[in-house]
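Enquirer: Shown below is the structure under consideration.
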Amino acid sequence: MFDIPSLDIPSLSSAGGRVRLPGSKSISNRVLLLAALSDGPTLVEDLLDSDDTRVMLAALRQLGCAIEEAGPASVRVQGLGGRLPVREAALFLGNAGTAMRPLTAALALMAASQGARFELSGVPRMHERPIGDLVDALRQLGCPVQCLQTEGYPPLRLGDGAPHPLHLNEPIRVRGDVSSQFLTALLLALPLVAQEHDVVIEVVTELISKPYIEITLNLLQRFGVRVRREGWQRFTIARGSRYASPGRIAVEADASSASYFIALGAIAPATPGTDGIVIEGVGLDSIQGDIRFVEAARLMGAEVVDEGNALRVRRDTWPLKAIDLDCNHIPDAAMTLAVMALYANGTTTLRNIASWRVKETDRIAAMAIEGRKLGATIEEGADYLRVTPPTAWKKANIHTYDDHRVAMCFSLAAFNPARLPVRIEDPKCVGKTFPDYFETLFSVCHTPAERIPVVCIDGPTASGKGTLAAELASRLGYHLLDSGALYRLVGLAAEREGLSTTEADLREPAHAERLGRLAAGLDVRFTPGKTWLEGEDVTEALRTESAGMAASRVSAVPQVRTALVDLQLQMRRLPGLVADGRDMGTVIFPGAPLKIYLTASAGQRAQRRHKQLISKGIPAILADLLADLEARDARDMNRAHAPLKPAEDAVLLDNSELDIEQSVQFVLKRWHGQQAFPVR
Ligand SMILES: Nc1ncnc2c1ncn2[C@@H]1O[C@H](COP(=O)(O)OP(=O)(O)O)[C@@H](O)[C@H]1O
Ligand SMILES: Nc1ccn([C@H]2C[C@H](O)[C@@H](COP(=O)(O)OP(=O)(O)O)O2)c(=O)n1
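In full-length UniProt numbering, the protein residues as written are 1 to 680.
Put into structure tokens, the structure is as follows:
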């Protein structure tokens with residue numbers, strides 16, 4: 001996940017390959033609640049791991065439900081059988097509507113029937129999301145429900161610790177025109193109290209987002225509860241209903257998340273050698289309503305083929321066709337159409353989307369404001385959005401309103417024909433449903449190497465290159481190339497093979513060739529914070545001064561340098577790279593948009609290295625370090641091949657008098673200034 005202030009996505013040119021999507025949020029949270037309410041254990045597989053599911057898991061555990069990990073994406077839930085072991089709890093539910101609404105209904109009913117008291121709260125935005133229609137329905141039933149701040153909104157107090165009789169004889173009346181989650185919540189909760197009577201729910205308005213109700217009914221059936229449905233107005237839960245665990249249940253991949261990759265396949269030309277995008281884990285027979293996004297994408301010109309539990313998407317009609325569509329049946333996925341509309345041949349109108357206004361943010365306003373930043377003409381109405389593509393695309397800083405879907409949608413603007421990068425603010429908001437969204441996107445997107453930014457940090461030993469490069473990479477969300485480690489690895493591998501690395505031997509042509517072959521065949525692997533040589537962790541061994549000296553000697557051998565070029569070039573991957581070494585800006589990435597030549601006085605550098613070694617418990621003598629360092633500088637600067645020197649367009653940074661943070665800020669300021677994204 002990109003836990004950084006903003007993520008710059010370079011202009012993208014094509015896409016192709018397979019993606020596996022995380023489990024559906026709607027199914028995951030419903031299944032967790034049903035499993036917790038059932039009798040007996042349930043193994044839940046392919047569960048989504050995201051902010052919203054974590055909130056639900058934490059709440060259920062707090063309520064006394066035992067839940068244990070049962071594999072990478074699986075949990076085993078010990079059902080409570082509708083009985084409450086915990087009678088009083090304060091639950092924090094973040095911004096998870098799929099936890100707040102169903103838990104409100106289930107806990108209000110259980111609190112009233114068993115005599116308990118719960119408080120449910122969330123983030124400030126959750127306290128602005130209406131829940132009044134559900135509260136009204138629960139009060140009709142006789143449940144004590146108190147709105148603790150504003151009537152009709154969370155936070156809520158459910159129950160008062162005493163049992164209360166429930167009025168189950170009359171039909172329970174609920175509105176369905178603000179959120180279908182209120183009806184879902186009642187459908188999930190009422191089987192708990194339908195022992196003696198049929199329980200009837202009447203929807204007193206039009207019902208929006210019906211497909212989500214279908215998911216609810218489908219899952220209720222999997223857990224042994226049948227609901228009789230008369231149109232979309234009347235739902236009857238039969239007397240004697242009782243939750244029974246299915247034993248094992250697998251969560252489908254999220255169809256709303258699939259919409260971004262369906263759109264990607266429709267917008268991006270297929271990368272040569274690929275046949276479009278394949279989305280695994282969800283097919284056209286999905287129980288999720290958002291699968292009907294496929295119909296809308298086809299209308300706009302996408303080619304989508306069902307491959308059994310997978311979808312293959314290719315770009316077909318281009319530009320995409322503008323459409324005029326009632327989107328009530330795909331409220332979440334329809335946002336993705338607003339971004340596809342940026343690539344259409346005319347004006348697209350998305351209608352009947354009033355529910356967008358009460359989601360994670362006011363999504364109609366958000367899509368309009370951010371789309372305009374890209375140059376589109378967008379008209380927004382109470383319940384519609386009209387999008388006309390940009391005639392001239394603009395470089396934009398996309399604000400994401402703590403809304404995962406806004407972030408995911410606008411990432412697709414990176415295919416703009418003007419080849420402008422797109423900046424996504426607060427990219428970690430995708431954690432709500434798809435924590436690895438950007439990683440997954442980058443794994444199937446391609447762009448010419450020169451469009452992938454590289455920040456080069458070259459300079460002499462102990463100037464702080466490694467420290468600075470690692471910090472920059474982590475703050476920009478870029479990959480990191482520690483090129484010195486490659487030369488250190490060659491030195492170490494040579495030593496292990498018994499190959500000499502003395503300067504005299506290295507001058508022998510046959511010996512130089514052998515070292516070149518050794519470098520070309522290095523069996524190395526990098527994992528976060530660790531380096532592996534032939535399967536052995538050599539992280540510590542590489543950092544010794546003798547490894548540094550050996551690296552400096554072998555790095556003067558042209559055959560070794562040539563052998564390592566491709567390995568270094570391959571590190572230039574989306575979304576960008578910070579590369580540290582001696583010749584990053586001069587030889588390996590001569591076209592890099594920012595090159596820093598980092599220096600500090602020899603005395604300072606020797607002191608830093610001394611401190612670094614002593615702090616790691618490695619004995620060191622300052623005078624020896626200074627002499628070694630000067631010898632290394634001389635060799636690195638005077639060798640014939642790729643000597644250490646500043647690139648002509650490098651920015652010189654002498655950090656003798658700067659601390660680490662000041663050096664980082666110097667480079668970030670330079671970098672951001674150069675990117676010239678408009679200020680918000
Ligand atoms: N600007 C700085 N001010 C003070 N110490 C620094 C600075 N930059 C790096 N250091 C310290 O100097 C030591 C050497 O830094 P390192 O990044 O390993 O250098 P290099 O990669 O250039 O050999 C480390 O202990 C690091 O914490
Ligand atoms: N791009 C590079 C990186 C390192 N080298 C050589 C020269 C250096 O003395 C050694 C070790 O580099 P490294 O960056 O790990 O060393 P320091 O951390 O600066 O001490 O490798 C190189 O020739 N070209």
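We put the beta carbon where it would ideally sit given N, CA and C, even for glycine.
Keep in mind it's a predicted model, so treat the numbers as computed, not measured.
Three or more beta-carbon pairs under 8 Å between the region 577-586 and the region 452-463, yes or no?
Expert: yes
Enquirer: Taking 6 Å as the limit between beta carbons, can you name the residues of its chain near ARG372, skipping five residues before and five after?
Expert: Excluding residues within five positions, the ones whose Cβ falls inside 6 Å are ILE378.
Enquirer: What's the gap between the Cα of PRO678 and the Cα of SER443?
Expert: 28 Å
Enquirer: Using alpha carbons as the reference points, say which of TYR153, LEU668, ARG117 lies closest to PRO130.
Expert: TYR153
Enquirer: How long is the line joining the alpha carbons of GLY159 and ILE353, rounded to whole angstroms?
Expert: 35 Å
Enquirer: Using DSSP with H/G/I as helix, E/B as strand and the rest coil, what is ASP285?
Expert: Here ASP285 sits in coil by DSSP.
Enquirer: Could you have a look at SER14 and say whether DSSP puts it in helix, strand or coil?
Expert: strand
Enquirer: In its own chain, which residues sit with a C-beta less than 8 Å from the C-beta of CYS143, not counting the 5 before and 5 after it?
Expert: ALA108, LEU109, ALA111, ALA112, LEU158, GLY159, HIS164, LEU166, listed in sequence order.
Enquirer: Closest by CA to PHE434, which one among ASN416, ASP403, PRO319?
Expert: ASP403
Enquirer: Hey, would you say the C-beta of THR544 is under 7 Å away from at least one heavy atom of ligand 2?
Expert: no
Enquirer: With a threshold of 6 Å on Cβ separation, who are the neighbours of LEU299 within its own chain once the five nearest residues in sequence on each side are excluded?
Expert: Non-local C-beta neighbours of LEU299 in its own chain, meaning closer than 6 Å and more than five positions away in sequence, comprise ILE323, ordered along the chain.
Enquirer: To the nearest angstrom, how far is it from the Cα of GLY301 to the Cα of GLU295?
Expert: 10 Å
Enquirer: In whole angstroms, give me the CA-to-CA distance for ARG572 and LEU476.
Expert: Cα to Cα, the separation comes out at about 14 Å.
Enquirer: Could you tell me the alpha carbon to alpha carbon distance between VAL406 and LEU644, rounded to whole angstroms?
Expert: Whole-angstrom Cα-Cα distance: 45 Å.
Enquirer: Measure the alpha-carbon distance for TRP532 versus TYR597 and round it to whole angstroms.
Expert: If I take the Cα positions, the gap works out to 29 Å.
Enquirer: Any heavy atom of ligand 2 closer than 7 Å to the CB of TYR597?
Expert: no
Enquirer: On the DSSP bridge assignment, give the partners of HIS479 in chain order.
Expert: LEU577
Enquirer: Exposed or buried, which one is ILE621 when buried takes at least 16 other CB atoms within 10 Å?
Expert: Flag for ILE621 reads exposed.
Enquirer: If you draw a straight line from the C-alpha of GLU425 to the C-alpha of SER26, how long is it?
Expert: For GLU425 and SER26, the gap between their C-alpha atoms comes out near 26 Å.
Enquirer: For ALA341 versus VAL387, is the C-beta spacing smaller than 8 Å?
Expert: Yes; because the gap between Cβ atoms is below 8 Å, this pair is in contact.
Enquirer: Quick check: is any heavy atom of ligand 1 less than 7 Å from the C-beta of GLY459?
Expert: yes
Enquirer: Can you round the beta-carbon distance between LEU93 and ALA137 to whole angstroms, since I take them to be within the 8 Å contact cut?
Expert: So it is not a contact: roughly 19 Å between Cβ atoms.
Enquirer: Closest by CA to MET126, which one among ARG312, ASP326, GLU360?
Expert: Answer by Cα proximity: GLU360.
Enquirer: Within its chain, find whatever has a CB closer than 7 Å to the CB of MET549; leave out the 5 residues flanking it on each side and keep chain order.
Expert: ASP628, ARG632
Enquirer: Note down, one range per segment and in chain order, each beta strand (DSSP E) of at least 3 residues found wholly within the region 337-382.
Expert: The qualifying runs are 348-351, 377-380.
Enquirer: Which partner residues does HIS446 have in the DSSP bridge list?
Expert: HIS446 is bridged to SER14.
Enquirer: Should GLN633 be counted as a contact of ligand 1 given a C-beta to heavy atom distance under 7 Å?
Expert: Before going on, a small fix: residue 633 reads as Asp here, not Gln. The answer is no for ASP633.
Enquirer: Are the CB atoms of ALA66 and LEU47 within a distance shorter than 8 Å?
Expert: no
Enquirer: Between which two residues does the beta strand (DSSP E) containing VAL455 stretch?
Expert: 454-458
Enquirer: Do the CB positions of ASN95 and VAL135 come within less than 8 Å of each other?
Expert: no
Enquirer: Here's a check: name, in chain order, each residue in its chain whose Cβ is nearer than 8 Å to the Cβ of LEU542, leaving out the five neighbours to either side.
Expert: Here the set comprises ALA485, ARG488, LEU489, LEU492, THR531.
Enquirer: Should THR527 be labelled buried (16 or more other beta-carbon atoms within 10 Å of its own) or exposed?
Expert: THR527 sits exposed, since fewer than 16 C-beta atoms from the chains shown fall within 10 Å of its C-beta.
Enquirer: Under 7 Å from any heavy atom of ligand 1, does the C-beta of ALA485 make it?
Expert: no
Enquirer: What residue from LEU32, GLU202, HIS479 has the CA that sits closest to GLU68's CA?
Expert: LEU32
Enquirer: On the CB-based measure, 16 or more other CB atoms within 10 Å of its CB, does MET637 come out buried or exposed?
Expert: exposed
Enquirer: To the nearest angstrom, report how far apart LEU577 and THR150 are at their CA atoms.
Expert: The alpha-carbon atoms of LEU577 and THR150 are separated by roughly 49 Å.
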